[in-house]
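The structure appears below as structure tokens.
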Amino acid sequence: MSANQFDLVVLGAGPGGYQAALRGAQLGLHVACVEREPALGGTCLRIGCIPSKALLESSEKFAEARHALARHGIQTGPVELDLPAMLRHKDAVVAALTKGVEALFKKNRVTRFTGHARLAGPGRVVVENGAGATELTARHILIATGSKPAALPGVACDGERIGTSTEALSYPEVPKHLVVIGAGYIGLELGSVWRRLGAKVTVLEFLPRILPGMDGELAAEAQKLLTRQGLEFRLGARVTGATLTPGGCRVEIEGAEPVECDRVLVAVGRVPNTENLGLETVGLAPDEKGRIPVDEHFATRAPGIYAIGDVIGGPMLAHKAGEEGVACVERLVTGYGHVDYQTIPGVCYTEPEIASVGRTEEQLQAEQIAYRKGVFPFLANGRARSLGQTEGRVKVLADARTDRVLGVHILGPRAGELIAEAAAAMAFGASSEDLARVCHAHPTLAEALKEAALAVDGRALHI
Ligand SMILES: Cc1cc2nc3c(=O)[nH]c(=O)nc-3n(C[C@H](O)[C@H](O)[C@H](O)COP(=O)(O)OP(=O)(O)OC[C@H]3O[C@@H](n4cnc5c(N)ncnc54)[C@H](O)[C@@H]3O)c2cc1C
């Protein structure tokens, strides 16, 4: 095989692409991965999941030290923010993880190319960078080019005062007044970070609710809790423009007074990355939402070309992209690969966290599926009491006829960790009875899940 001839060439080294490349190498393929950024790991590691979670953890510790430690009998004296150090910590976490992917590529002999990748006909990819162009050939090509922030008409991002999540991960000082456009998980997480660090935060959302797609009842409860933390919500607010003013920015809202602020975070969703990808050279085109159409095995209409992750349909989540990358490559090599789309969890890492897996009540009602519901509040959970974090609850939804768990929704401390048990149970087709019969360690937050499962049958013990 010549130096630039591969079994598999992966375009993009985000969580979808890099995991596909690693799995391909494990299965014996000669694999290359092309990434245009100098660091591997994609949106998730560089400017998404990881840096946002680092800031969420740090800002939560700051808020805890200021407001919550005294309750535990710990007096700290004045607590001060060292924002440059907090940002350095975040950058160090990102650097460690992106270098980790680099090491994994080396260990698994994945050949890395740095530059912009473009399809150049069946089985051919051209990589362009400052040094020129390199042609790669491959039996299989996997497009994993991810997504970028969606633009909002009338709102011109200047990359500084008016920007996206990327800028909001590195503001050099705490904004006096941050306007967040969009109450999805990215807007709420980054809004929470800057609120905890002292900013006034106003969240403008076009829809009449926050966190569209998540369980409505828990989203409404989360909104109350976030409001109590100082986030201001204006729902049903249609933003028509945002401009720079001598003193900061002005955000225009249809039928309402404009809002003056010093920074704007546009968080209205993300769109797939397909520009200058050479799709036309293999007879492909994005659909009306900019996504690459694929079949259930991630195959595009062009032979030998596959796509996974944010660049195709489905929830734009790192773990969904990773599952798809692995399943796609496994199918190519072994003939079998599968993603269970019913059990992909979603988490919003606010305080408390909000986590979901499976169907919401709204979806079950729309699909006319009869269900039974069990709810258990963290107020009645011993571990939550010890933590001093008793807000929220667990909701288990089970099929009324078969008792099979159809959805689990959690608002509460460490909900993002707790949801893993629910996802595992659902992946094995568990009933609420199965969940309720599992012995859970005491005292743990996970006992709230067991109790909610018991509550489906009206027999929770601690409420
Ligand atoms: C602020 C923020 C927070 C988030 N938090 C979470 C979270 O907590 N949990 C979660 O599951 N998801 C989260 N996400 C979403 C998550 O980051 C994405 O769903 C995930 O990164 C998608 O993975 P991917 O591999 O499909 O694409 P990406 O991670 O976007 O990677 C695609 C890669 O392809 C490269 N690329 C694109 N075009 C080319 C080209 N032509 N040639 C070469 N390289 C190219 C890009 O540079 C990029 O590195 C968050 C996103 C943001 C913005």
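Residue 362 is where the sequence shown starts when you use the working numbering, and the numbers rise one by one after that.
No residue lacks a Cβ here, since even glycine has one placed at the ideal position from N, Cα and C.
Source: prediction; values computed, not measured.
Item	Value
Does the Cβ of Ser553 have 16 or more other Cβ atoms within 10 Å, making it buried, or fewer, making it exposed?	buried
Please identify the residue among Thr525, Arg652, Ile408 and Leu442 whose C-alpha is closest to the C-alpha of Gly670.	Arg652
Please give the ranges of any alpha helix (DSSP H) in the stretch 373 to 434, keeping only runs that are unbroken, at least 4 residues long and fully inside the region.	376 to 387, 403 to 408 and 410 to 428
Going by beta-carbon coordinates alone, are Asp623 and Lys734 separated by less than 7 Å?	no
Residues in its own chain within less than 8 Å of Met362 by CB, not counting five upstream and five downstream?	Note on Met362: pLDDT 49, under 50, position unreliable in the model; no value is reported.
Who are Gly602's beta bridge partners in DSSP?	Glu613
Please report how far the alpha carbon of Ala478 lies from the alpha carbon of Gln380, in whole angstroms.	18 Å
Thinking just about the alpha-carbon of each residue, which of Arg744, Ala393 and Val488 is nearest to the one in Ala499?	Ala393
Under a three-way DSSP split, which group does Met362 fall into?	Per-residue confidence for Met362 stands at a pLDDT of 49, beneath the threshold of 50, marking its modelled position as unreliable; the derived number appears in the next sentence. Coil.
Just the C-alpha distance for Arg397 and Ile502, rounded to the nearest angstrom, thanks.	16 Å
If you reduce the DSSP assignment to three classes, tell me which class Val687 lands in.	helix
Within 6 Å: the Cβ of Glu534 and any heavy atom of ligand 1?	no
Can you list the alpha helix (DSSP H) stretches of 4 or more residues lying completely in the stretch 716 to 787, in chain order?	722 to 727 and 743 to 748
Assign Tyr702 to one of three DSSP states: helix, strand, or coil.	helix
Just confirm the distance between the C-beta atoms of Gly686 and Ala505, as a whole number of angstroms; I'd bet it's less than 8 Å.	6 Å
Sort Gln387, Ala492, Leu551 and Thr437 by Cα distance to Glu418 and report the nearest one.	Leu551
Measure the Cβ-Cβ separation of Gln806 and Arg744 and say whether it is below 7 Å.	Per the sequence shown, the amino acid found at residue 806 is Leu instead of Gln. Yes; because the gap between Cβ atoms is below 7 Å, this pair is in contact.
Under 6 Å Cβ to Cβ from Thr601, same chain only, skipping five residues before and after it: list those, please.	Gly515, Glu613 and Glu615
Less than 7 Å between the beta carbons of Gly378 and Thr404, yes or no?	no
Is it buried or exposed, Lys681, if we count other Cβ atoms within 10 angstroms and call 16 or more buried?	buried
Can you tell me whether Arg820 is helix, strand or coil according to DSSP?	coil
At what residues does the beta strand (DSSP E) containing Phe474 begin and finish?	Thr472 to Thr475
Measure the C-alpha to C-alpha separation of Val632 and Gly819 and round it to an integer number of angstroms.	44 Å
Report yes if the C-beta of Met677 is less than 6 Å from at least one heavy atom of ligand 1; otherwise report no.	yes
Give the straight-line distance between the Cα atoms of Gly389 and Thr642, rounded to the nearest whole angstrom.	29 Å
Considering only the alpha carbon of each residue, which of Arg762, Glu728, Ser413 and Leu725 lies closest to Leu530?	Ser413
Going along the chain, which residues of its own chain have a beta-carbon closer than 7 Å to the beta-carbon of Ala660, five neighbours each way excluded?	Tyr667
Is Asn365 near ligand 1, with its Cβ less than 6 Å from a heavy atom?	no
Can you determine whether any heavy atom of ligand 1 sits closer than 6 Å to the C-beta of Asn634, and answer yes or no?	yes
Where Tyr697 and Asp368 are concerned, what is the direct C-alpha to C-alpha distance, given to the nearest angstrom?	18 Å
As a quick exercise: from Leu383, Ala415 and Gln387, pick the residue whose alpha carbon is nearest that of Leu401.	Leu383
With which residues is Ser792 paired in a DSSP beta bridge?	Arg765
Could you tell me if Val440 is buried or exposed, where buried requires 16 or more neighbouring beta carbons within 10 angstroms of its beta carbon?	exposed
Taking the C-alpha atoms as reference points, what is the distance between Ala583 and Ala429?	19 Å
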